[in-house]
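*Asks:*
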Amino acid sequence: MSLWMTRLSQPPGKRHTMVEKVTVTVDALQALLDQLKGRGYRVIGPTVRDQTIVYDEIDSLAELPRGWTDEQEGGHYRLVRREDDALFGFAVGPHSWKKFLHAPIVELWKVVRNGEDVSIVAESPPDQRFAFIGVRACELHAIAIQDRVLLGGQYPDSHYRARREGAFFVAINCGEAGGTCFCQSMNTGPAVESGYDISLTEIVTESGRSFVTEAGSEAGLQVLAALPRRPAMDEEIAQAKAVISRTAAAMGRQMRSDDLRELLERNLDHPRWDDVAKRCLTCGNCTMVCPTCFCTSVEDSSDLAGETASRSRRWDSCFTMDFSYIHGGSVRASARSRYRQWMTHKLAFWVDQFGTSGCVGCGRCITWCPVGIDITEEVRAIRDSGSTEG
Amino acid sequence: MHAPDAMLPRIARIRRRRRESAQVWTLDIEADGTEASGFAPGQFNMLTVFGVGEVPISLSGDPARGTQLVHTIRAVGPVSEALVQLKPGKELGLRGPFGVGWPMAEAAGRDVLLVAGGLGLAPLRPALYRLLAGRHRFGRVRLLYGARGPEDMLFRRELASWQRRADIDIEITVDHAPSGWTGHVGVVPTLIEHAAFDPGNSIALVCGPEIMMRFAIDALRRAGMADAAIYLSTERNMKCAIGQCGHCQFGPTFVCRDGPVFRYDRLRTFLGLKEI
């Protein structure tokens with residue numbers, strides 16, 4: 415059974431009870447990066463660029479956002495210096511791991527003409543395995559959701575699968591709740607529970623910063639076994655637990671999520687959609703930063719001589735007019751209908767389609783909305799207005 | 007071993023091309039491996055003009071003649087215009103068949119009412135072939151077809167030959183009639199109002215522009231048909247046809263995967279909403 419199937423089949427919330435917790439130092443983390451590189455992984459982690467924390471290839475711990483945190487609100491993101499030198503003392507930035515797993519542009523195939531002979535040549539996914547450093551609980555859930563969308567049906571996506579199957583996940587339990595975070599409401603965090611190879615919790619000890627560490631897979635166990643480590647002390651384990659409880663208690667946002675499917679289906683004609691349409695710029699930022707938004711479009715092109723033609727696939731957004739265009743016009747021409755499409759798909763109809771909500775409560779859509787539209791607030795407005803009969 | 011990549015087209019070739027009306031053409035195409043797959047009435051293929059693009063087109067031919075894939079196409083955009091200009095022998099890309107088709111098994115033993123508007127006759131034609139091939143298994147078969155004008159009607163020779171048959175009733179109406187037209191004038195729903203059928207033992211297959219389908223369904227319900235006996239074929243933008251690009255959503259459904267044919271009661275909530 416492939417790795418992703420194993421991960422999907424793990425019931426959420428079930429921990430590897432027999433796995434030993436160990437403590438590793440900051441220096442051991444560098445050894446972890448080196449080891450992953452040595453095993454042929456392309457190591458990707460958080461790093462500061464353009465005044466944000468993005469995910470990109472990293473060589474050393476020095477490239478992590480040490481001592482930085484992020485201040486997030488609706489339409490607001492600022493990097494701020496921390497009082498300590500925590501390596502993972504921030505929430506999530508504009509990037510998500512879908513940038514690597516469900517790549518923004520993928521070449522699908524080309525057609526090659528050789529005299530009378532015409533053939534289709536599939537473009538192979540790049541031959542590389544990713545190791546992701548610092549994956550949050552909400553992001554592991556987002557990946558599990560994209561697994562369902564892109565691999566769970568009758569026609570698994572070969573490009574996503576190639577990138578996904580060999581990936582190695584170093585997860586981090588969140589030590590800071592962002593201002594727009596609400597994973598607690600979506601039951602997707604802040605504690606990482608499954609879908610990782612190694613998990614880390616950053617704690618402060620007498621000797622400085624260290625990490626309470628667990629393996630979550632056979633591969634994780636092997637990698638961990640080669641690192642300098644010692645058994646975690648009870649005090650450290652308690653400290654790690656406290657980190658998670660503190661973060662859970664500090665969520666910037668909340669959203670009741672148990673009845674969203676019914677609430678939104680009952681309110682597809684609610685006046686709040688007109689209200690949000692006055693603010694929404696239909697820019698599509700929310701869909702680009704969302705770790706689960708999966709929509710794509712295809713583009714065909716040919717060379718000038720007409721000898722070859724090719725098709726590529728790129729991220730698309732339900733906020734564009736083109737997205738729903740059929741001859742005669744767009745099905746969803748108004749901002750009202752496009753915002754409604756995005757939000758009802760994410761929170762309600764995703765459940766019909768894939769058996770899970772499409773929202774993990776990461777807060778990116780709130781932070782990166784240029785006018786600060788807040789999905790939790792929009793839901794609350796519909797809920798509090800007394801839903802219409804349906 | 008992984009399943010073949012559903013995003014990869016096969017090479018197909020135009021075998022025959024004929025004009026139905028000013029904007030509409032019917033293409034017969036042949037592709038490798040087609041014999042094995044077959045298709046169900048109501049299903050569609052994704053057709054590619056290399057270097058131009060890909061569009062979903064319903065199958066309009068006889069499902070019993072599996073080697074010959076027939077598509078009836080209205081040239082309304084860059085891809086469909088390029089498609090209808092492909093000459094016999096030219097190659098195109100083919101993916102499919104995809105989607106859920108007409109409920110042929112459920113139709114057995116019942117009267118079958120086919121309600122078509124404009125190009126909507128194309129996806130219904132495979133169902134008609136199937137009904138006529140197994141004629142004894144069904145009750146009365148009735149086709150109600152509306153076109154803008156007589157010159158916009160599809161499959162005219164075939165319609166004329168079916169009109170001579172005793173085992174199928176065909177009523178045709180046009181929106182605008184030239185002098186000399188002796189048939190019905192008006193929209194399709196008015197044909198439903200005047201058609202005699204047993205609503206309790208009928209199944210209705212409806213395909214046409216969304217607005218026409220809404221009015222046709224209203225007329226069927228007024229005539230006493232149950233929502234669960236009405237089926238309609240829907241249209242949305244499609245890029246992948248396998249439920250992964252997101253474009254064809256219609257409420258909670260993916261038209262490509264859960265449709266294009268839906269039982270009306272399963273889409274009722276959403277069909278009445280603007281811009282859903």
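These protein sequence lines are chains X and L, in that order.
Heads up, the first sequence is in my numbering, so the first residue is 415 and it goes up one at a time.
Heads up, the second sequence is in my numbering, so the first residue is 7 and it goes up one at a time.
We treat Cβ as the ideally placed atom computed from N, Cα and C, and that holds for glycine.
Quantities reported herein were computed from a predicted structural model and do not represent experimental measurements.
Any idea if E792 (chain X) is buried or exposed, counting beta-carbon neighbours within 10 angstroms, 16 or more meaning buried?
*Replies:* buried
*Asks:* From the DSSP output, read off the bridge partner residues of V535 (chain X).
*Replies:* X:K524
*Asks:* Taking a contact to mean a Cβ-Cβ separation below 8 Å, would you say M13 (chain L) touches L522 (chain X) in this structure?
*Replies:* yes
*Asks:* Check whether chain X comes within 8 Å of C251 (chain L), counting only Cβ atoms and requiring the distance to be less than that.
*Replies:* yes
*Asks:* By the DSSP assignment, the beta strand (DSSP E) with G4 (chain L) in it spans what residues?
*Replies:* Residue 4 (chain L) lies beyond the residue range present for chain L, which begins at 7 and ends at 282; the question has no answer from this structure.
*Asks:* Note down, in chain order, every chain L residue with its Cβ under 9 Å from the Cβ of I534 (chain X).
*Replies:* L14, P15, R16, I17 and G99
*Asks:* Roughly how many whole angstroms lie between the Cα atoms of A133 (chain L) and P195 (chain L)?
*Replies:* 20 Å
*Asks:* Kindly indicate the opening and closing residues of the beta strand (DSSP E) around Y610 (chain X).
*Replies:* Counting along the chain, Y610 (chain X) sits inside no beta strand (DSSP E), nor does DSSP assign it H or E at all.
*Asks:* Determine the contact status of T483 (chain X) and E590 (chain X), defining contact as a CB-CB distance below 8 Å.
*Replies:* yes
*Asks:* Let's test the definition: count the other Cβ atoms within 10 Å of the Cβ of K93 (chain L) and tell me whether it reaches 16, buried, or not, exposed.
*Replies:* exposed
*Asks:* Keeping to the same chain, check which residues put their C-beta closer than 8 Å to that of K513 (chain X); ignore five residues upstream and five downstream.
*Replies:* Y469
*Asks:* Identify every run of the beta strand (DSSP E) within the segment 443-510 of chain X, keeping only runs that are complete inside it and at least 3 residues long; order them along the chain.
*Replies:* Under the rule that a run must span 3 or more residues, the beta strand (DSSP E) segments found entirely inside the segment 443-510 of chain X read 455-463, 466-471, 482-487 and 490-495.
*Asks:* Under a three-way DSSP split, which group does A229 (chain L) fall into?
*Replies:* coil
*Asks:* Could you tell me the boundaries of the alpha helix (DSSP H) in which Y753 (chain X) lies?
*Replies:* Segment A749 to T758, the alpha helix (DSSP H) holding Y753 (chain X).
*Asks:* What's the call for L501 (chain X), buried or exposed, on a 16-neighbour Cβ count within 10 Å?
*Replies:* buried
*Asks:* Compute the distance between the beta-carbons of F144 (chain L) and L137 (chain L), then report whether it is under 8 Å.
*Replies:* yes
*Asks:* Report yes if the CB atom of L89 (chain L) is closer than 8 Å to the CB atom of L127 (chain L), and no otherwise.
*Replies:* No, these two residues do not count as a Cβ contact at 8 Å.
*Asks:* Which chain L residues sit within Cβ distance under 9 Å of H509 (chain X)?
*Replies:* The contacting residues do not exist; H509 (chain X) stays about 21 Å from chain L at best.
*Asks:* Once the 5 residues before and after L279 (chain L) are set aside, which same chain residues still bring their CB inside 6 Å of it?
*Replies:* none
*Asks:* Can you name the residues that DSSP bridges to D788 (chain X)?
*Replies:* Bridge partners of D788 (chain X): none, in fact.
*Asks:* Distance cutoff 8 Å, beta carbons only. Does R242 (chain L) sit that close to anything in chain X?
*Replies:* yes
*Asks:* Would DSSP call G124 (chain L) helix, strand or coil?
*Replies:* If DSSP states are grouped into helix, strand and coil, G124 (chain L) belongs with the helices.
*Asks:* I'd like the list of long-range same chain contacts for G189 (chain L), defined as Cβ closer than 6 Å, with 5 residues on each side in sequence excluded.
*Replies:* I178
*Asks:* Beta-carbon of W782 (chain X) versus every beta-carbon of chain L: anything under 8 Å?
*Replies:* no
*Asks:* What in chain L is Cβ-close to W523 (chain X), meaning under 8 Å?
*Replies:* M13, L14 and P15
*Asks:* Do R806 (chain X) and F768 (chain X) have their C-beta atoms closer together than 8 Å?
*Replies:* Residue 806 (chain X) falls outside the range modelled here, since chain X spans only 415 to 804, and no answer is possible.
*Asks:* Suppose you measure from the CA of K96 (chain L) to the CA of L125 (chain L); what does that come to, to the nearest Å?
*Replies:* 25 Å
*Asks:* What whole-angstrom Cβ distance do E281 (chain L) and R746 (chain X) have, given they're in contact under 8 Å?
*Replies:* 5 Å
*Asks:* My output table needs one value for M52 (chain L): the three-state DSSP class, helix, strand or coil.
*Replies:* strand
*Asks:* Give the straight-line distance between the Cα atoms of D264 (chain L) and Q755 (chain X), rounded to the nearest whole angstrom.
*Replies:* 18 Å
*Asks:* With H, G and I counted as helix, E and B as strand and the rest as coil, what does DSSP make of P645 (chain X)?
*Replies:* strand
*Asks:* What residues are listed by DSSP as bridge partners for V267 (chain L)?
*Replies:* L:S239
*Asks:* C694 (chain X): which of X:F733, X:A545 and X:T790 sits nearest, CA to CA?
*Replies:* X:F733
*Asks:* Quick one: does A723 (chain X) have its CB under 8 Å from some CB of chain B?
*Replies:* The chain labelled as chain B is not found among the protein chains of the depicted structure, namely X and L.
*Asks:* Since Q255 (chain L) sits in a beta bridge, which residues does DSSP pair it with?
*Replies:* L:F260
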